[in-house]
Amino acid sequence: MRPAGRVEEVFCPKCKRYVGTLEKCPYCMAKVPKRLAFRLLKWGGLAVAVLGVLFLYIDVRGPHILAKNPYVISVGDTYKENAVTMNFGQVIMTGKATFVKYYDDMRSLGMFLTDLDNENQDIFIRAYDVTTFTLFDMEKTRLNENSPVPKFPAVGDNVTLRGNLRVRASAAQAGEFRMLYIQYPEAVLNIERQTDKTPVSIAQINANPDNFKLYQRIQIEGKIISTGDLGWAIPLNLYEMSTGAEASVMVPNILNQFGRTLTAKVGDLVRVKGAIQYYYGTPQIWLASWDDLEVIG
Ligand SMILES: [Zn+2]
C-alpha cells in the first residue's frame, strides 16, 4: 500500500525510514517537517477538545452560556405523578431541614428537607465524603472568622441545594423513594438561618408552646443544671433563674466536626439560640452551630 501524503512528509529525510504522522523520527531522532495544515489539525484538534471540556466544566458551575440552569422545583413536586420523569435530572430545590446527621460509617452527610408548604412531604439529601468534609471545613473557617453566614445546614434552616434527583414513584409494591445527591460543596447554594434577636423566657415557652412554631429559632438563657449523652447529641438541662422553669437544649454531635467541642459545663450560665422541636410535647432547643452557645456567667 502506498502511504498517503507527500513522500517527504511520511519518510524520515535522514534515514529514509517510514515515520507516518510522527514529527520526529523514532529511529534517528531527526526532525521530519510537516505542513502547517497538518500540525494545526493535529494539535488544534486536541486544543479544541481540551478547551471545550474545560469550558463545559466551568459553564455548568457558573456562567450557564451553553449548559442551561437546572429546573427549580419544590420538595412537593417530587410527590407528583410525573415525578419519575425527573429521575436523574439536575434540580434546584429549597426545603426546611428537619433532620441533619453525619453518618460515621459511610462518612457522609444525610438530611431531610421538608416542603416549605407541606410538612408531610420530605426528601432525603445525601452528600458523599469529599463534599461533606469540605463543608465541615467551610463551617470551621466561618466560625473562626466570626462570619454570620452559615456554611453547614442545621435543623430549622431553609436550605437551597442543587443536586441529582432520584425518584421512585408511589407504585404500591415498590414503595416510594426520593433522594437528592449533592455532588460538590458549591451545590449548597444557600442556608437561611433565621436569627430571632428577641430573647424569650423558658417559662413562656413551657406555658404556651402553641405560640412557638415548629423549628422557629429562639434565644433563651439559663444555668446548666445537668447534661447527658444520647450518642447523637448531648442534652443540656437549662434552669431559668428568674422563673425556675427548665428547658432541654440539644447539642448535636455533628457540631464536633466544626473544629470545637462542648466546653460549657454544669453550673455555667449560658445564652442559647436554636430551633424548637417537640419531643412528646416537651420543647427541645436544637443548636445549629457553636455560635448558638455563649457562656455568660
Ligand atoms: Zn530517521
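Each residue of the sequence shown is one higher than the last, beginning at 864 in my numbering. Note that the Cβ used here is the ideal one computed from N, Cα and C, for glycine as well.
For residue 1006, no beta strand (DSSP E) encloses it; the enclosing alpha helix (DSSP H) starts and ends at 992-1007. When beta bridges are read from the DSSP output, residue 1026 appears opposite 954. In this structure, ligand 1 has no non-hydrogen atom nearer than 7 Å to the beta-carbon of residue 881.
Three or more beta-carbon pairs separated by less than 8 Å are not found between the stretch 981-996 and the stretch 907-927, which leaves the two stretches without contact.
The alpha-carbon separation between residue 1021 and residue 1117 amounts to approximately 18 Å. Assignment of beta-bridge partners to residue 985 by DSSP yields 977. For residue 890, the distance from the CB to the nearest heavy atom of ligand 1 is below 7 Å.
The continuous beta strand (DSSP E) containing residue 1137 extends over residues 1132-1142. Between the alpha carbons of residue 878 and residue 914 lies a distance of about 37 Å.
With contacts defined by Cβ atoms closer than 8 Å, residue 1134 and residue 1084 form a contacting pair.
Residue 1122 and residue 1001 have their C-alpha atoms spaced approximately 11 Å apart. Look at residue 902 here: in three-state DSSP terms it is helix. Taking a C-beta distance under 8 Å as the contact criterion, residue 1136 and residue 1080 qualify as a contact pair. Secondary structure at residue 1039: coil, using DSSP grouped into helix, strand and coil. Residue 942 and residue 1017 have their alpha carbons spaced roughly 24 Å apart.
1130 is the residue among 1053, 1130, 1114, 1124 whose C-alpha sits nearest the C-alpha of residue 1089. At least one heavy atom of ligand 1 lies closer than 7 Å to the C-beta of residue 877.
Taking residue 964 as the centre and dropping the five residues before and after it, the same chain places the C-beta of 973 closer than 6 Å to its C-beta, in chain order.
Out of 928, 1051, 956, 948, the CA that lies nearest to the CA of residue 938 is found in 956. Inclusion of residue 1141 and residue 1072 in the CB contact set at 8 Å is warranted, their separation being smaller than that value. The shortest CA-to-CA distance from residue 940 to any of 1113, 928, 1029, 903 is the one to 1029. Assignment of residue 895 by DSSP, reduced to helix, strand and coil, places it in the coil class. C-alpha of residue 908 to C-alpha of residue 884: approximately 15 Å in a straight line. Our two residues, residue 1075 and residue 960, have alpha carbons roughly 17 Å apart in a direct line. Between ligand 1 and the CB of residue 900, the shortest heavy atom gap is not smaller than 7 Å. With at least 16 other beta carbons inside 10 angstroms of its own, residue 1078 counts as buried.
Just so you know, the alpha carbons of residue 874 and residue 886 end up roughly 10 Å apart.
Residue 1158 and residue 1087 have their C-alpha atoms some 10 Å from each other. For residue 1048, the secondary structure class from DSSP, reduced to helix, strand or coil, is helix.
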